[in-house]
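Participant:
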Amino acid sequence: MSTTLEPRLLSGNQAVAWAALHLGVSLGTGYPGTPSTEILENFSLLGGRAQWAPNEKVALEVGIGVAYGGARALVTMKHVGVNVAADPLFTVAYTGVEGSLVLVSADDPGLSSSQNEQDNRRYAVAASVMMLEPGDAQEAYDFLFDAFTLSETWKLPVMFRMTTRVCHSRGIVTPREPAPQAKPPHFVRNRAAYVMIPGYAGPAHRRMRAKMAQILEWNENSALNKVYEGDTFLGIVTASVAFQHAREAAPDASFLKLGMTYPLPLERIRQFRNTVDRCIVIEEGDPYLVDAMRAAGIECEGKAEMYRFGELNITRVRRILANDTSPEPALPKGKPPELCKGCPHRMAFSVLKKYDCVISGDIGCYTLSVLPPFETHDSCVCMGASIGVGLGLRHALPEDEARRIVSVIGDSTFVHSGITGLAEMVYNPPKTGHVVIILDNGTTAMTGMQEHPGTGRTMEHKKTGRIVFEDVARAMGVTNVLVIENTAEFDRALSDSLARDELTLIILRKMCRLAEPKLKQYQAETESCHE
Amino acid sequence: MNKTSSITNVVIAGLGGQGVIRAANILAETAFRSGLDVKQGEIHGMSQRGGSVTSDVRFGQKVYSPMVPTGEADYVLVLHPSQVDNNRYHKKEGGYFFSVFDLKDGLVQLIDLDNDASTPVTERNCNIALLGMLSIHLPFDDAVWEIAIKNNLPKKVHDENLAVFHYGKSIVPKG
């Protein structure tokens, strides 16, 4: 094994995948989402068992099952995915686990590819779940060992918060000796722990908080939080990638770098604060650390509101340290992304534009049609929202306006959370009916061509069960279901269905231009294997 | 003592699909194999759809941040003419700006793709030509560059890209 222990240059995501392999993680599951996607892809390439779930809630539930069974589960998602998975998250915090469960939340301060900048440290507090925050690739590797150890020691889930810069930045990683799980998976019945009826959940809540108090005591002296001694004039309390920027912006300062940010070791922070003259908190996103410190009566400076938005970097940290709140110079803008040449979505939006439809849109490549030359997206809230929002608009608007409302959703997004939207449509149909369009390009294109249940292939592109959208819609009671592959037919179908009072689902099935060669190859491979 | 004063900052910029990240990977691996600490940062995601892509590579005895501070790049490599103006601000005073395109700028060094029929440089491999130009300024052995280039490219284009790398080294700066 010695050759595998040599230092290598890895991204934070790759480092997590390697650590998962060395920890013998039993199953990795998640839903693709920038910047988290490459964790499971790499884990799978390295030989780990990984699979894409239809959405983050299901992924976490599968992970919980793995961990109830006494095994190691790794669940990955982007920050907004945790919103989808929040329901199981808040209660697995009560039930705890028999094995171990680590949930990676990949936050996206600066919105490199997201609809919001939410700071998921808030989830750790709200759900009472331990949180570790690596600041670079080496820590991403090392902290995953700590995360699984903590989860196994306390029999509780652990959140592992990364950010875009931690996920996608590369650094040198020295691996450790592999440390696979010793105990074989086995289910031990424990109804009072796992069946959250009120009578069991009340005591479970108290048990969990009692453990959290012990974990806090442990974290006050944990090696996950490190002091870097320097000048006593300036002490910086920081975590995650903000530490990296601050260390270069103020190389002579003293630092307290927090690795475990929930439960927060406030006495450790107070001690550090008392060793320095000026104490400033450098954190990306929300004022989470600074608010908690002030609430505990620890005197410190935070950052001005203007630095709450976007990522930090060395330049911005220097400004924060200098109390500089003058407007930041506007940097030249790069070229925005656009729908590829030959992308089948282009045809769809040209036709939708011709009929002046109001488009209740969704999340995927097709959201780019909001930009010129199309400008054919009128709303985009979250995964799957196109159908519900479209129905709401149809309910509220006068008839002539309501008739122009169309919901547009991609294939992977439809599986993720569009199916419940169809249930709503069938159950509470608007008077004017409704038109839903699935832009089925045969892949999760936006995040880099991942498979999903609608493709009928696994993460490794092997044949598996396939969800057939038209069959699902018909079975659910959608009366007008059309599968279309060309422009003229689409034009006709759209104009016809806009005029009806019927519930229509148009599936526009045309392969992603970028993925086409690979998709055809996978298709040929799965067709040639007779099992 | 300032522990990070010896960091070299490089910004590589272009459009999605041009090989910006690949060039950055090669540079980072070369620095890593030469015994230096390295951090490399980039933005993925929507960049795949033809938008601007930038990758920062930083190396030295000890590097913390994966991002080049604003306006402090020692070297800026630009792979597409449309990305020249919006990336000028990365370069520090006295730094170098490399592009394969005529920039009409005294500080700029260039290869003229259109007017030099003998050049082996193409739009596909210009990222490697730029690394060749950059390599003259960096203390890394050719042998290490070559390993990094081979490790990051498919075998069938090794010869072509090694030739282009050495061609890049031979380009005499104008201006």
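Residue numbers (numbering that gives the first Met the number 0), protein chains in the order written: chain A, 0 to 530; chain B, 0 to 174. C-beta atoms are modelled at their ideal positions from N, C-alpha and C, and glycine is treated no differently.
(1) Measuring only the C-alpha atoms, how far is valine 120 of chain B from proline 133 of chain A?
(2) Report all residues from its chain with a CB closer than 7 Å to the CB of histidine 415 of chain A; omit the five preceding and five following residues, and keep chain order.
(3) From the DSSP output, in three-state form, read off lysine 509 of chain A for me.
(4) If you measure between the beta carbons of phenylalanine 96 of chain B and leucine 130 of chain B, is that distance less than 8 Å?
(5) Under 8 Å, with one C-beta from each stretch per pair, do the region 497-509 of chain A and the region 468-487 of chain A reach the 3-pair mark?
(6) Buried or exposed, going by whether 16 or more other CB atoms sit within 10 Å of the CB of valine 194 of chain A?
(7) Do methionine 292 of chain A and valine 275 of chain A have their CB atoms nearer than 8 Å?
(8) Which residues bound the alpha helix (DSSP H) around serine 111 of chain A?
(9) Exposed or buried, which one is glutamate 450 of chain A when buried takes at least 16 other CB atoms within 10 Å?
(10) For a cutoff of 8 Å on Cβ pairs, would you count lysine 154 of chain B as touching chain A?
(11) Find the residues of chain B that neighbour threonine 442 of chain A, judging by a C-beta separation of less than 7 Å, and give them in chain order.
(12) I want to verify the contact list: residues of chain B whose CB lies under 7 Å from the CB of cysteine 364 of chain A, in sequence order.
(13) Counting only the same chain and skipping the five closest in sequence on each side, list residues whose C-beta sits under 7 Å from that of alanine 200 of chain A.
(14) Looking only at its chain, what residues have a beta carbon closer than 6 Å to the beta carbon of proline 179 of chain A, apart from the 5 residues adjacent to it on each side?
(15) Count the C-beta pairs between the region 57-68 of chain B and the region 312-321 of chain A that are closer than 8 Å, then say yes if the count reaches three, no if not.
(16) Starting from the beta carbon of asparagine 541 of chain A, find every residue of chain B whose beta carbon is closer than 8 Å, and list them in chain order.
(17) Could you say if the region 51-61 of chain B and the region 9-24 of chain B meet the contact criterion of at least three C-beta pairs nearer than 8 Å?
(18) Taking 8 Å as the CB-CB limit, is glutamine 114 of chain A close to chain B?
(19) Would a check of beta-carbon distances place glutamine 117 of chain A closer than 8 Å to chain B?
(20) Closer than 9 Å, Cβ to any Cβ of chain A: which residues of the region 119-143 of chain B, in chain order?
(21) Give a yes or no on whether 8 Å exceeds the smallest Cβ distance from histidine 78 of chain A to chain B.
(22) Report the residues of the region 224-258 of chain A with a CB closer than 9 Å to any CB of chain B, ordered along the chain.
(23) DSSP has valine 56 of chain B in a bridge; who is on the other side?
(24) Tell me, please, whether the region 29-37 of chain B touches the region 508-519 of chain A by the rule of three or more beta-carbon pairs shorter than 8 Å.
(25) Roughly how many angstroms lie between the CA atoms of glutamate 40 of chain A and glycine 284 of chain A, to the nearest whole one?
(26) Does DSSP put glycine 105 of chain B in a helix, in a strand, or in coil?
(27) Would lysine 168 of chain B pass as an interface residue toward chain A - the criterion being a Cβ-Cβ separation below 8 Å?
(28) With 16 as the cutoff for other CB atoms within 10 Å, does threonine 3 of chain B come out buried or exposed?
(29) Can a CB atom of chain A be found closer than 8 Å to the CB of phenylalanine 95 of chain B?
(30) Taking leucine 607 of chain A as the reference, give the member of A:Ala248, A:Leu255 and A:Ala295 with the closest Cα.
(31) With 8 Å as the threshold, decide whether the Cβ of lysine 149 of chain B is near any Cβ in chain A.
(32) Tell me whether aspartate 439 of chain A sits in a helix, a strand or coil according to DSSP, three-state version.
(33) Quick one: using the 10 Å Cβ neighbour count with 16 as the cut-off for buried, is arginine 535 of chain A buried or exposed?
(34) What residue range is occupied by the uninterrupted beta strand (DSSP E) comprising serine 359 of chain A?
(35) Do three or more CB pairs link the region 73-87 of chain B to the region 362-371 of chain A at distances below 8 Å?
(36) In this structure, does DSSP put aspartate 276 of chain A in helix, strand or coil?
Facilitator: In terms of the structure at hand:
(1) 41 Å
(2) Tyr30, Pro53, Asn54, Met382 and Gly383
(3) coil
(4) no
(5) Because the criterion of three Cβ pairs below 8 Å is met, the region 497-509 of chain A and the region 468-487 of chain A touch.
(6) exposed
(7) no
(8) Here serine 111 of chain A belongs to no alpha helix (DSSP H), and DSSP marks it neither H nor E.
(9) buried
(10) no
(11) Those do not exist, as threonine 442 of chain A stays about 13 Å from chain B at its closest Cβ, beyond 7 Å.
(12) Arg48
(13) Tyr93
(14) Gly23
(15) Contact between the region 57-68 of chain B and the region 312-321 of chain A is present: three or more C-beta pairs spanning the two stretches fall below 8 Å.
(16) Coverage of chain A is limited to positions 0 through 530, which leaves residue 541 of chain A absent and any answer about it impossible.
(17) These segments touch.
(18) By this cut-off, glutamine 114 of chain A is not an interface position.
(19) no
(20) none
(21) It does not; no Cβ of chain B falls within 8 Å.
(22) Val240, Phe242, Gln243, His244, Ala245, Arg246, Glu247, Ala248, Pro250 and Asp251
(23) B:Val9 and B:Gln39
(24) no
(25) 28 Å
(26) Reliability fails at glycine 105 of chain B, whose pLDDT of 38 lies under 50, so the model's placement of it is uncertain and no value is given.
(27) no
(28) Reliability of the predicted coordinates at threonine 3 of chain B is poor, the pLDDT of 44 falling under 50, and the value obtained from them is presented with this limitation in mind. Threonine 3 of chain B is buried by the Cβ-count criterion.
(29) In the sequence on display, residue 95 of chain B carries tyrosine and not phenylalanine. It does not; no Cβ of chain A falls within 8 Å.
(30) Shown here, chain A extends from 0 to 530; a query on residue 607 of chain A therefore has no answer.
(31) no
(32) strand
(33) Nothing about residue 535 of chain A can be read from this structure; chain A reaches only from 0 to 530.
(34) 357-359 is the extent of the beta strand (DSSP E) around serine 359 of chain A.
(35) No: the two stretches stay apart, fewer than three of their Cβ pairs being nearer than 8 Å.
(36) coil
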